[in-house]
Amino acid sequence: MRVLYLDNNATTPVLPAVWEAMRPFVSDVFGNPASAHQAGRRARQALEDARECTAALLGAHPDEVVFTSGATEANNLALLGLAGDPPAHLVASPIEHPSVVEPLRHLAAHGFLVDWLPVDGQGVVPIEALSRLLRPETRLVAVMLANHETGAVQLVRDLVECSAGRAFHCDAVQATGKLPVCFHDLGVSTLTLSAHKFHGPKGIGALLVRRGVKLQAQVHGGHQQRGRRPGTEPVPLAVGLATALELALREREARQEKVLQLRQRFLEWLRAEAAPVALNGPETGGVPHTIDVSFPGCRAEALLMSLDLAGVCCSTGSACSSGSLLPSPVLQAMGVPDELLHSALRFSLSPLLSEDEVDEAARRVVAVVERLRRHGEE
Ligand code: PLP
Numbered sequence: 000m001r002v003l004y005l006d007n008n009a010t011t012p013v014l015p016a017v018w019e020a021m022r023p024f025v026s027d028v029f030g031n032p033a034s035a036h037q038a039g040r041r042a043r044q045a046l047e048d049a050r051e052c053t054a055a056l057l058g059a060h061p062d063e064v065v066f067t068s069g070a071t072e073a074n075n076l077a078l079l080g081l082a083g084d085p086p087a088h089l090v091a092s093p094i095e096h097p098s099v100v101e102p103l104r105h106l107a108a109h110g111f112l113v114d115w116l117p118v119d120g121q122g123v124v125p126i127e128a129l130s131r132l133l134r135p136e137t138r139l140v141a142v143m144l145a146n147h148e149t150g151a152v153q154l155v156r157d158l159v160e161c162s163a164g165r166a167f168h169c170d171a172v173q174a175t176g177k178l179p180v181c182f183h184d185l186g187v188s189t190l191t192l193s194a195h196k197f198h199g200p201k202g203i204g205a206l207l208v209r210r211g212v213k214l215q216a217q218v219h220g221g222h223q224q225r226g227r228r229p230g231t232e233p234v235p236l237a238v239g240l241a242t243a244l245e246l247a248l249r250e251r252e253a254r255q256e257k258v259l260q261l262r263q264r265f266l267e268w269l270r271a272e273a274a275p276v277a278l279n280g281p282e283t284g285g286v287p288h289t290i291d292v293s294f295p296g297c298r299a300e301a302l303l304m305s306l307d308l309a310g311v312c313c314s315t316g317s318a319c320s321s322g323s324l325l326p327s328p329v330l331q332a333m334g335v336p337d338e339l340l341h342s343a344l345r346f347s348l349s350p351l352l353s354e355d356e357v358d359e360a361a362r363r364v365v366a367v368v369e370r371l372r373r374h375g376e377e
């Protein structure tokens, strides 16, 4: 049975062109970019080219790009590095990825006061809510650009304006390569991206850090990346990140168009054949790759397991605790009612999927939902 992969918000396959670009730097050009000899200089050139390319594609200066091992590290570096010393007041949205929520909880346990913003039914932070929470001692605001579970896009530029010069961190992992992202236009202090979400390799991401922003390093022991993230830079991965980003942005409109069509097809099929279904998140205007739907009458755990057996890879936004799923904090913050909360699945699309594959996935989902509704959770 053909496996249908609809979990592209979790990760994506590396495109052949990306792997081809990386390959010479895995074997032939293997020098340490910190070495002064010619092998090192060649590696350094490739690294700095990748940095320049990444910066240019995202509207940043090359010296504002800090390569990290991925978005989890970049988010930790931003939040812990911007927070400074306690006491201080921090504000964040409650729909952030755990790699933002957990460092903030860590800060809350170490003398910081953290306030969580409300979101509306579509998962969007109202600007007025931020102005209500800000205090003179607020040092940092963190709101993501596109949500990993619903695709909802936040009004980051307006939120930055409302923050009136305070440090602002934006996790743009699910937006990079899919929406036009211009670091300087957004006006944020720091911004996170991760290569494996846009058909680049796993193990590399970046934190963009605006010139003049004070960021405390979280790792010590080297001068690399101006001391902000010491450690030998992974040249092949940096080349992979830059190449994947360039491809994603060059083909952005065509990819977006294709994914929009796939989304409509998939949703229409589910609404016609598996009713009732409820879409969690915006119908339009979000990142179209992300489709979070609830199937009342089914449990998410049972759906996930049966779909896996039926060869469909998707996910829930829920954390697993001793074998049972806790409801998604993102959907909870949006006020999604219990019945929908416990029957929600996330399907995430990629332009690599064909219409036939999406139709087949929808057919399998309908069959599983029908069976579970008819027989309960076997
Ligand atoms: N932020 C968001 C919004 C994500 O969706 C993810 C991954 O799912 C991450 C951060 C963490 O990314 P990484 O796997 O690069 O650590």
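Counting from 1, position 292 in the sequence shown corresponds to residue 291 in numbering that gives the first Met the number 0; the numbering is continuous, with no gaps.
No residue lacks a Cβ here, since even glycine has one placed at the ideal position from N, Cα and C.
Only a predicted model underlies this, so the values are computations on that prediction, with no experimental measurement involved.
For Gly204, the uninterrupted beta strand (DSSP E) run begins and ends at 204-208, by DSSP. A Cβ-Cβ contact shorter than 9 Å links Glu72 with Gly204. Annotation for Arg372: Gly296, Cys297 place their beta carbon closer than 7 Å to its own, counting only its chain and skipping 5 residues before and after.
For the segment 94-140, the continuous beta strand (DSSP E) assignments of 3+ residues that do not extend past its boundaries occur at 112-115, in sequence order. Taking a cut-off of 8 Å on C-beta distances, the segment 364-371 touches the segment 270-277, as three or more cross pairs fall below it.
Around Gly280, the same chain offers Gly122, Thr149, Gly150, Ala151, Asp291 as residues with beta carbons nearer than 6 Å, after the five sequence neighbours per side are excluded.
When Cβ pairs closer than 8 Å are counted between the two stretches, the segment 182-190 is seen to touch the segment 155-166, the count reaching three or more. The Cβ atoms of Ser342 and Ala299 sit closer than 9 Å to each other.
Taking Gly221 as reference, the option from Ala145, Val118, Thr231 with the minimal CA-CA separation is Thr231. The ligand PLP has a heavy atom closer than 8 Å to the beta-carbon of Ala70. Using a Cβ distance threshold of 9 Å, Ala20 and Gly30 do not count as a contacting pair. DSSP places Ser293 in the strand class (E or B) of the three-state scheme.
DSSP places His374 inside the alpha helix (DSSP H), whose first and last residues are 354-374. Ala9 and Lys196 have their C-alpha atoms roughly 7 Å apart.
Excluding five sequence positions before and after Arg43, the CB atoms of its chain that fall closer than 7 Å to its own CB belong to Pro32, given in chain order.
Following the DSSP letters along the chain, one finds Asn279 inside the beta strand (DSSP E) bounded by residues 277-279. When C-alpha distances from Pro61 are compared across Ala243, Leu248, Phe182, the shortest belongs to Phe182. The Cβ atoms of Leu14 and His198 lie closer than 9 Å to each other.
Runs of alpha helix (DSSP H) with 4 or more residues, each lying fully within the segment 17-86, are found at 37-56, 70-82, listed in chain order.
The alpha carbon of Ala45 has as its nearest neighbour, out of Arg262, Leu261, Glu369, Val25, the alpha carbon of Val25. For Val17, the CB stays at least 8 Å from every heavy atom of the ligand PLP. Contact check for Gly120 against Gly334 passes: the beta carbons are separated by less than 9 Å. Contact check for Met143 and Asp114: beta-carbon distance about 16 Å, past the 8 Å limit, so the pair fails to qualify. Using a C-beta cut-off of 8 Å, the segment 337-354 makes contact with the segment 246-261, since at least three inter-stretch Cβ pairs fall below that distance.
If you look at Phe265, you'll find it in the alpha helix (DSSP H) that goes 251-272. If you check the C-beta of Thr191 against the ligand PLP, you find a heavy atom less than 8 Å away. Within the same chain, and ignoring the five residues on either side of Ala163 in sequence, the residues whose Cβ sits closer than 8 Å to its Cβ are Leu133. In terms of Cα proximity to Phe167, the closest of Leu79, Val65, Val17 is Leu79. With fewer than 16 other Cβ atoms from the protein chains shown falling within 10 Å of its own Cβ, Pro179 counts as exposed. The beta carbon of Gly58 sits no closer than 8 Å to any heavy atom of the ligand PLP.
Of the other Cβ atoms in all chains shown, fewer than 16 fall within 10 Å of the Cβ of Glu256; this residue is therefore exposed.
Going by DSSP, Phe346 is part of the beta strand (DSSP E) stretching over 343-347. Secondary-structure assignment with DSSP links Cys169 through a beta bridge to Leu190.
For the 9 Å CB-CB criterion, Thr137 and Leu103 do not form a contact.
CA-to-CA, the gap between Trp18 and Phe294 works out to about 39 Å. Between Gln215 and Leu139, the alpha-carbon positions lie close to 14 Å from each other.
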